[in-house]
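Quick notes on the structure that follows.
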Amino acid sequence: GESRQLQALVRCIQAASLGVALRRRDWEAFARGYNGKDYKRNQYDARLAAAFAKFAAGAPDLRLRTAQAALLYLGMDPGPVDGFLGRRTSLAISQYQAWRRLTPTGKLDPRTESSLLAEAFPKR
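The opening position of the sequence shown corresponds to residue 14 in the working numbering, with each subsequent residue numbered one higher.
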């Protein structure tokens, strides 16, 4: 299962002596050691840095994730339904707010959330 896959990955990182690079957040050294000399071609170091920055901010906001799904259901483009307030999600929220004559802030405030969820997922 998943825990065996994670254990295998940890063993692979240890066997390649990449633990220090990982702990230091030296994404270039880690990517070179893990992916080989062509790591730059696929920007593995930049992708690792971006993923770390995204998840270091904390767990996804499940309320925002639900709102992203609602925006998508209503035909707007919030970007990925991932629970993170990115540029596309903020723009989609602003568009929804303007459409519903709410103050367009681009943030999921309680009034926007309530309106959005009631419209996208009406109770029967």
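Heads up, the beta-carbon is just placed ideally off N, CA and C, and yes, glycines get one too.
>> Quick check on DSSP: helix, strand or coil for D58?
In response: The sequence position of residue 58 within the sequence shown is 45, counting from 1. Helix, per DSSP.
>> Less than 7 Å between the C-beta atoms of S128 and P117, yes or no?
In response: The residue you call residue 128 lines up with position 115 of the sequence shown. The residue you call residue 117 lines up with position 104 of the sequence shown. No, the Cβ-Cβ distance between S128 and P117 is not below 7 Å.
> Which residues in the same chain have their Cβ closer than 8 Å to the Cβ of I26, if we skip the five residues on either side of it in sequence?
Replying inline: Here residue 26 is taken as the residue at index 13 of the sequence shown, counted from 1. Closer than 8 Å at Cβ, skipping near neighbours: G32, L35 and Y47.
> Quick one, are the C-beta atoms of L84 and A59 less than 7 Å apart?
Replying inline: Taking the sequence shown and counting its residues from 1, one reaches residue 84 at position 71. Taking the sequence shown and counting its residues from 1, one reaches residue 59 at position 46. When the beta-carbon positions are compared, L84 and A59 stay at least 7 Å from each other.
> Nearest-angstrom Cα distance between A111 and G119?
Replying inline: If you number the sequence shown from 1, residue 111 lands on position 98. If you number the sequence shown from 1, residue 119 lands on position 106. Here the C-alpha atom of A111 lies approximately 10 Å from the C-alpha atom of G119.
> With distances taken from CA atoms, which of A64, P135, R124 and G88 is nearest F97?
Replying inline: Position 84 of the sequence shown, counted from the start, is the residue given in the question as residue 97. Nearest of A64, P135, R124 and G88 to F97, Cα basis: A64.
> So what's K53 in DSSP terms, helix, strand or just coil?
Replying inline: On the sequence shown, position 40 is the one that residue 53 refers to. Here K53 sits in coil by DSSP.
> So, helix, strand or coil for G92, using DSSP?
Replying inline: Residue numbering aside, residue 92 sits at position 79 when the sequence shown is read from its first letter. Correct three-state label for G92: coil.
> Is DSSP giving R38 helix, strand or coil here?
Replying inline: For the purposes of this step, residue 38 is taken as residue 25 along the sequence shown, with counting starting at 1. In the structure shown, R38 sits in coil (DSSP, three-state: anything other than H, G, I, E or B).
> Grouping DSSP H, G and I as helix and E and B as strand, with all else coil, what is G46?
Replying inline: Along the sequence shown, one-based indexing puts residue 46 at 33. In this structure, G46 counts as helix in the three-state DSSP scheme.
> What's the C-alpha gap between L87 and A42?
Replying inline: For the purposes of this step, residue 87 is taken as the residue at position 74 of the sequence shown. For the purposes of this step, residue 42 is taken as the residue at position 29 of the sequence shown. L87 and A42: Cα-Cα distance of roughly 44 Å.
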